[in-house]
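> Mind looking over this structure? Questions follow.
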Amino acid sequence: MNLFRTAFLLAQKDLYSELKTKQILVTQIIFAGLVIVVFSFAFDPANNTTKAVIPGIIWVIIVFSGILGLNRSFISEQRNDTMQGLLVAPMEAASIYLGKFLANFAMILVVEIVSVPFLFLLFDFKFLGSFPYFLLVIFLGSFGFIAIGTFLAALAANSKSSEMLLPLLLFPITTPILIGVVQATKIILTNMDQFSSALAWIQLVTAYDVIFFVVCFLLIDYVLEV
Amino acid sequence: MIEIKKLTKQADNKLILRGVDLSIHKGETVGILGPNGAGKSTLLKVLASLIKPTSGMIKINGLDLKKDSLEIKKILGYLPHSSLLYDHYSPLENLVFFGNIYGVKNVEQKAAELVKEVGLSFFLNEPVKNFSRGMIQRIAIARAIIHEPEVLLLDEPHTGLDQGAIAILNNVILSMKEKGTTTLMVTHDFKQAAEICDRIVIVKNGKIVDDFRIENSSLGYVSQKYELQVEGVS
Numbered sequence: 001m002n003l004f005r006t007a008f009l010l011a012q013k014d015l016y017s018e019l020k021t022k023q024i025l026v027t028q029i030i031f032a033g034l035v036i037v038v039f040s041f042a043f044d045p046a047n048n049t050t051k052a053v054i055p056g057i058i059w060v061i062i063v064f065s066g067i068l069g070l071n072r073s074f075i076s077e078q079r080n081d082t083m084q085g086l087l088v089a090p091m092e093a094a095s096i097y098l099g100k101f102l103a104n105f106a107m108i109l110v111v112e113i114v115s116v117p118f119l120f121l122l123f124d125f126k127f128l129g130s131f132p133y134f135l136l137v138i139f140l141g142s143f144g145f146i147a148i149g150t151f152l153a154a155l156a157a158n159s160k161s162s163e164m165l166l167p168l169l170l171f172p173i174t175t176p177i178l179i180g181v182v183q184a185t186k187i188i189l190t191n192m193d194q195f196s197s198a199l200a201w202i203q204l205v206t207a208y209d210v211i212f213f214v215v216c217f218l219l220i221d222y223v224l225e226v
Numbered sequence: 001m002i003e004i005k006k007l008t009k010q011a012d013n014k015l016i017l018r019g020v021d022l023s024i025h026k027g028e029t030v031g032i033l034g035p036n037g038a039g040k041s042t043l044l045k046v047l048a049s050l051i052k053p054t055s056g057m058i059k060i061n062g063l064d065l066k067k068d069s070l071e072i073k074k075i076l077g078y079l080p081h082s083s084l085l086y087d088h089y090s091p092l093e094n095l096v097f098f099g100n101i102y103g104v105k106n107v108e109q110k111a112a113e114l115v116k117e118v119g120l121s122f123f124l125n126e127p128v129k130n131f132s133r134g135m136i137q138r139i140a141i142a143r144a145i146i147h148e149p150e151v152l153l154l155d156e157p158h159t160g161l162d163q164g165a166i167a168i169l170n171n172v173i174l175s176m177k178e179k180g181t182t183t184l185m186v187t188h189d190f191k192q193a194a195e196i197c198d199r200i201v202i203v204k205n206g207k208i209v210d211d212f213r214i215e216n217s218s219l220g221y222v223s224q225k226y227e228l229q230v231e232g233v234s
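Those protein sequences? They're chains A and B, same order as listed. Residue numbers for the first sequence follow the UniProt record's numbering, beginning at 1 and rising by one. Residue numbers for the second sequence follow the UniProt record's numbering, beginning at 1 and rising by one.
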């Protein structure tokens, strides 16, 4: 129980910090807005083929604004060596990982809640697919991406060029998740006839999420040593 | 209280600690002296379970550091060179956060009392980033003792402090000692070590080369012993 209690305290601390400093979330939302505006100029919303790029745009927003947050997640604990303060406290390394994961996940969910409706609005997109499944795919994709990203952010934080290192490590490992969720989102938004195929992608992403979350949870102890 | 046997720590083919044996009783205040790079801070970091030892055994309060690190962490207070404080948080917010992690009851009241004790009650809700080095160190001391630890590990706690802050820190250490807290203090300040400590351990090249008790706060005795061991002067 201590594991979850301390994880929630850490997540609460990170979110409260964000509320005070507004460093990460504002940057993420501005980035998401810029992507949507640029793509809305590049593709004519009146054109039917434009609808095909919407799943891609959604995941471009999640991936890149997610990286903006992940990069800061552990680097922020280097100032005044606050990470040492967490490591000497009676909390397990897994608890630190879980706390950071929860904070990053909450922030990316906020970005999604703000940006996806804005994207649909600007592209004049009429939702015809299954809304619950759409939410499920967004949730699963974000979960896996942030779970792996949080672990790799802890790993990269010790490097001097961590901001460059994180995407280099993250993209190859999360490629199966990204392929799966883009395919599933495309089917759910545009062609519900192939729903069984979307379901197969969802199953693949779910399995990948579970495996990597458990692996990250178990290995974080070795990553966080000073 | 603390039992260290044949402790070694190797990093990048360099032996930082070379078979340290040390036994510290409950309530003792021990000063660790030694030249730069002797392994003093590493010893403290190993005790704080920040870094894993290469070999050897450490027992604190009868608990094995490898197996029961979580239980040991509950009774440890650690104050390194850095403050371990969040800049944009106020002293109260910092202490409440760490107090909650340690499961301190009535944490807000306890935090406010500690801030008052270190003489910064006027700055209770100011962000720490606006504080001077001395003020930050005072809050860092409060952070280290928020959970009333049984073992206090201090790494050069007097560095950069003015006389007022030094007096506050010494009072905190002495009042913790009265409560039975065991303190290990790495320092280069012989005067403070002689004033506060019951016992001095001199570390050189990762080994304990001298271990003696001091009486009557004799600074001269400490300096003489140190020079003999470290600088080879008799």
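Just so it is clear, CB atoms sit at the ideal spot from N, CA and C, and this is done for glycine as well. Keep in mind the model is a prediction, meaning the values are calculated, not measured.
I'd like to know if the stretch 108-118 of chain B and the stretch 186-206 of chain B are in contact, where contact means that at least 3 CB-CB pairs between them fall below 8 Å.
Judged by Cβ distances under 8 Å, the stretch 108-118 of chain B makes no contact with the stretch 186-206 of chain B, as fewer than three pairs qualify.
> Would you please verify whether the beta carbon of residue 221 of chain B is less than 7 Å from any beta carbon of chain A?
For residue 221 of chain B, the answer is no, since every Cβ of chain A falls outside 7 Å of its Cβ.
> Report yes or no: do three or more beta-carbon pairs, one from the stretch 103-113 of chain A and one from the stretch 155-163 of chain A, lie closer than 8 Å?
Verdict: no, contact absent.
> Beta carbons nearer than 9 Å to chain B: which residues of the stretch 4-35 of chain A have them?
Hits within the stretch, in order: 5, 6, 9, 10, 12, 13, 16, 17, 20, 21.
> In three-state terms, what does DSSP make of residue 89 of chain B?
It is coil, neither helix nor strand.
> So with Cβ pairs under 7 Å, would you call residue 227 of chain A a contact of chain B?
Only positions 1 to 226 of chain A appear in the structure, and residue 227 of chain A is not among them; the question remains open.
> Since residue 52 of chain B meets chain A, which of its residues come closer than 8 Å, beta carbon to beta carbon?
Result: 225.
> Under 7 Å Cβ to Cβ from residue 217 of chain A, same chain only, skipping five residues before and after it: list those, please.
Counting only Cβ-Cβ distances below 7 Å, and skipping sequence neighbours, we find 94, 97.
> Can you confirm whether the stretch 89-97 of chain B touches the stretch 47-65 of chain B when touching is taken to mean that 3 or more C-beta pairs between the two stretches lie within less than 8 Å?
The stretch 47-65 of chain B is not in contact with the stretch 89-97 of chain B.
> So with Cβ pairs under 7 Å, would you call residue 131 of chain B a contact of chain A?
With 7 Å as the cut-off, residue 131 of chain B does not count as an interface residue toward chain A.
> State the Cα-Cα distance for the pair residue 105 of chain B and residue 149 of chain B, rounded to the nearest angstrom.
Roughly 14 Å between the two C-alpha positions.
> Is the beta carbon of residue 78 of chain B sitting closer than 7 Å to the one on residue 7 of chain B?
Contact flag unset, no.
> If contacts are defined as beta-carbon pairs under 8 Å, then residue 145 of chain A and residue 63 of chain A qualify, I think. What distance do you get, rounded to the angstrom?
Yes, they are in contact, since the Cβ atoms of residue 145 of chain A and residue 63 of chain A sit about 7 Å apart, within 8 Å.
> Beta-carbon of residue 170 of chain B versus every beta-carbon of chain A: anything under 7 Å?
Not an interface residue.
> I'd like the ranges of any alpha helix (DSSP H) spanning at least 4 consecutive residues and lying wholly in the stretch 132-213 of chain B.
Taking only runs of at least 4 residues, the alpha helix (DSSP H) segments lying wholly in the stretch 132-213 of chain B are 133-145, 163-178, 190-196.
> For the stretch 65-82 of chain B, which residues have a beta carbon sitting closer than 7 Å to at least one beta carbon of chain A?
Correct list: 70, 73, 74, 76, 78, 80, 82.
> Determine, for residue 227 of chain A, whether the minimum Cβ-Cβ distance to residues of chain B falls below 7 Å.
Outside the displayed range of chain A (1 to 226) lies residue 227 of chain A, so it cannot be described from this structure.
> Which residue marks the beginning of the alpha helix (DSSP H) containing residue 50 of chain A, and which one marks its end?
Neither: residue 50 of chain A is in no alpha helix (DSSP H) and is coded neither H nor E.
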